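Visitor:
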Amino acid sequence: MRTRVKQALQAQKPQNGLVLKGWVRTKRESKGVVFLELNDGSCRGNLQIVADSSMICAEGFEGINTGAAVLAEGDLVPSPGRGQKWELKAGSIQVLGYADPKPYPLQKKRHSDEFLRSIAHLRPRTNKYGAMNRIRSELSFAVHHYFRDHGFNYIHSPIITGSDCEGAGEMFLVTALDLEQPAVRKKPVDFALDFFGKKAHLTVSGQLPAESLACALGDVYTFGPVFRAENSNTPKHAAEFWMVEPEMAFADLDEIMDMSQDLVQSLTRHIMNNCSEDMELFTRFVDQSLEERLERVSSRPFERISYSMVLEVLQKSKKNFEFPLEWGLDLQTEHERYLCEEYFQGPVMVYNYPLELKPFYMRVNDDQTTAAAMDVLLPRVGEIIGGSQREERLEVLDHRIREAGLDPEEYWWYRDLRRYGSVPHAGFGLGFERLLMFITGASNIRDVIPFPRTPNALEF
RNA sequence: UCCCCGGUAGCUCAAUCGGCAGAGCGGGUGGCUGUUAACCACUAGGUUGGCGGUUCAAGUCCGUCCCGGGGAGCCA
27 MRTRVKQALQ AQKPQNGLVL KGWVRTKRES KGVVFLELND GSCRGNLQIV ADSSMICAEG
87 FEGINTGAAV LAEGDLVPSP GRGQKWELKA GSIQVLGYAD PKPYPLQKKR HSDEFLRSIA
147 HLRPRTNKYG AMNRIRSELS FAVHHYFRDH GFNYIHSPII TGSDCEGAGE MFLVTALDLE
207 QPAVRKKPVD FALDFFGKKA HLTVSGQLPA ESLACALGDV YTFGPVFRAE NSNTPKHAAE
267 FWMVEPEMAF ADLDEIMDMS QDLVQSLTRH IMNNCSEDME LFTRFVDQSL EERLERVSSR
327 PFERISYSMV LEVLQKSKKN FEFPLEWGLD LQTEHERYLC EEYFQGPVMV YNYPLELKPF
387 YMRVNDDQTT AAAMDVLLPR VGEIIGGSQR EERLEVLDHR IREAGLDPEE YWWYRDLRRY
447 GSVPHAGFGL GFERLLMFIT GASNIRDVIP FPRTPNALEF
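One point on numbering: in our numbering, the residue at position 422 of the first sequence is 448, and numbering is uninterrupted.
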């Protein structure tokens, strides 16, 4: 039976005859003694393995280097040396997998994030990315935990979609056609001959299916990958990312604003409470002000301000913004950053955006000029949530669809939800990676996903 | 996609005005009775991102392409 490093480090008393398996982080050798730091991914810490140089080892110690996988059998005893409470006095050591130290790229020193991205298959073996992936796992569970506690049903929305326009962004085409052939014939491609008998794409959002389920089950959420084919080259965009999308029947804009805040705060607090060892690494090496900021964000209410009021604040700021401030124009990054990082110095919810800036499914407010939409902005990462109350009135929805230059017939089933027992409902999308960036202080989205997909990057 | 910066040993970087391409770490070898990013000594390691140009001479200047980073747009 294999003992995890995590268990061994938490031991209350010495134990004999333990077997540990893991990867060697460093080897220190002296005349008669060899020290190995063993990590098995169960936690951030390593277990020190102490072995006599003369100890009979089937493979010999020459083969044991940084990166090698080993099995160590022995007794867990209090460590006489400084720096660790326990160590394993090895009775025997076996090499499970060699790692030739010459080409092995990970050294026992700090590597740049840029270099580690080029060896994404090995970077989880570093302290930082081991911690990152454990936190990512814990955050995923926390999402499910939160919604389960609040009576939500977890639903699976499709990844392949037949709808051309799900709201925003360029979409990836999904096809079973041989794209070489139609190109040679120089004919327009006939997607009626394709697998689904129509054009298909990877989804950009699970919202539309979620509305259907919400209007049956009440409170639902999706949590899965979504895809954007935008040629975005920034530290905050990926072509494939995970989104959390709650959708609530009988809810209005205020309710999802309440919930957005509660969700972000609960998830942040969950990680602070349950991943303290891994989080300590990020506070120490990535962002010294991390702990203080998370503490503040998770305990104070978020500011709420309408789009119109935002314009007033920005105009009064006397700041020299590059982009114009005029009612009807979208807020730019410089505006959001000023609002979030200077004016309020904390999370901000902006609501009631001009109607023409928002997609057809967002509810038209009584003023007929704004949509019941809201964005949550966080310091450093910017927009983390976008949501809205949905348009539940069929005639208004149809008008908005046509206004957008779309065909209502294409949305026949979505419109049916408004024909039969339509109710007010609302929801939002939370960018999972952006939340992870906020929580860990990571400044590039490529560092919070094990194998990030971005333009021109599909090596792994 | 646009703007700015960068690409030199496995990694992180230096190289003055255009004048012999270097250091630390990592690797190898040897030493050291318990190390903690161990320590000491020795040692190997280079098409300076690719192609073209200017020059007696290019890591350095010019053109172009590729790659990376930052900012912007789009968004979560």
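Cβ coordinates follow ideal geometry from the N, Cα and C atoms, glycine included. Quantities reported herein were computed from a predicted structural model and do not represent experimental measurements.
Compare the Cα-Cα distances from residue 327 to each of 289, 412, 71 and report the closest residue.
Guide: 289
Visitor: So which of 140, 29, 54, 109 has the shortest CA-CA distance to residue 43?
Guide: Considering only alpha carbons, the answer is 29.
Visitor: Return the CA-CA distance between residue 99 and residue 127, expressed in angstroms with no decimal places.
Guide: 24 Å
Visitor: Just the Cα atoms here: how many angstroms apart are residue 300 and residue 462?
Guide: 15 Å
Visitor: Would you identify the three-state DSSP class for residue 79, choosing helix, strand or coil?
Guide: coil
Visitor: Could you compute how far the alpha carbon of residue 273 sits from the alpha carbon of residue 237?
Guide: 6 Å
Visitor: Could you check whether residue 458 and residue 270 sit closer than 8 Å to each other, using their CB atoms as the reference points?
Guide: yes
Visitor: Under 8 Å Cβ to Cβ from residue 395, same chain only, skipping five residues before and after it: list those, please.
Guide: 380, 381
Visitor: Return the first residue and the last residue of the alpha helix (DSSP H) that residue 449 is part of.
Guide: Here residue 449 belongs to no alpha helix (DSSP H), and DSSP marks it neither H nor E.
Visitor: What residue from 79, 430, 32, 255 has the CA that sits closest to residue 65's CA?
Guide: 32
Visitor: Can you list, in chain order, the residues of its chain with a C-beta nearer than 6 Å to that of residue 491? Leave out the 5 residues immediately preceding and following it.
Guide: Only positions 27 to 486 of the chain appear in the structure, and residue 491 is not among them; the question remains open.
Visitor: Using a threshold of 8 Å, state whether the C-beta atoms of residue 424 and residue 434 are closer than that.
Guide: yes
Visitor: Determine the contact status of residue 92 and residue 136, defining contact as a CB-CB distance below 8 Å.
Guide: Not in contact: residue 92 and residue 136 (Cβ atoms no closer than 8 Å).
Visitor: Alpha carbon to alpha carbon, what distance is there between residue 162 and residue 285?
Guide: 21 Å
Visitor: May I ask you to report which of helix, strand or coil DSSP gives residue 95?
Guide: strand
Visitor: Identify the continuous beta strand (DSSP E) that holds residue 414 and give its terminal residues.
Guide: 408 to 415
Visitor: Excluding sequence positions up to five away, which residues of its chain have a Cβ less than 6 Å from the Cβ of residue 118?
Guide: 99
Visitor: Nearest CA to the CA of residue 324: which residue from 350, 344, 464, 243?
Guide: 464
Visitor: Mind checking whether residue 62 and residue 35 have CB atoms under 8 Å apart?
Guide: Contact flag unset, no.
Visitor: Between which two residues does the beta strand (DSSP E) carrying residue 466 extend?
Guide: For residue 466, no beta strand (DSSP E) segment is defined; the enclosing uninterrupted segment is the alpha helix (DSSP H) at 458 to 466.
Visitor: Using the DSSP secondary-structure output, state which residues sit across from residue 245 in a beta bridge.
Guide: 274
Visitor: For residue 245 and residue 354, which I take to be in contact (beta-carbon distance under 8 Å), what is that distance rounded to the nearest angstrom?
Guide: With 8 Å as the limit, residue 245 and residue 354 do not qualify as a contact, their Cβ atoms being about 34 Å apart.
Visitor: Is the beta carbon of residue 332 sitting closer than 8 Å to the one on residue 377?
Guide: Yes. Within cutoff.
Visitor: For a test of the three-state rule: what should DSSP assign to residue 43, helix, strand or coil?
Guide: Strand.
Visitor: Tell me whether residue 400 is buried or exposed, calling it buried when 16 or more other Cβ atoms sit within 10 Å of its Cβ.
Guide: buried
Visitor: Under the three-state reduction of DSSP, which class applies to residue 237: helix, strand or coil?
Guide: helix
Visitor: Beta-carbon within less than 6 Å of residue 477's beta-carbon, same chain only, minus the 5 sequence neighbours each way: which residues are those?
Guide: 146, 486
Visitor: Classify residue 341 as helix, strand or coil using the three-state DSSP reduction.
Guide: helix
Visitor: Does DSSP put residue 379 in a helix, a strand or coil?
Guide: strand
Visitor: Between the Cα of residue 295 and those of 384, 172, 281, 357, spot the shortest distance and give me the residue it belongs to.
Guide: Just measuring C-alpha positions, the residue of 384, 172, 281, 357 sitting nearest residue 295 is 172.
Visitor: What residue range is occupied by the uninterrupted beta strand (DSSP E) comprising residue 396?
Guide: 396 to 404
Visitor: Let me know if residue 75 comes out buried or exposed under the rule of 16 or more other beta-carbons within 10 Å of its beta-carbon.
Guide: Buried, because 16 or more other Cβ atoms sit within 10 Å of the Cβ of residue 75.
Visitor: Compare the Cα-Cα distances from residue 55 to each of 71, 90, 48 and report the closest residue.
Guide: 90
Visitor: In angstroms with no decimal places, state the Cα-to-Cα distance between residue 125 and residue 138.
Guide: 21 Å
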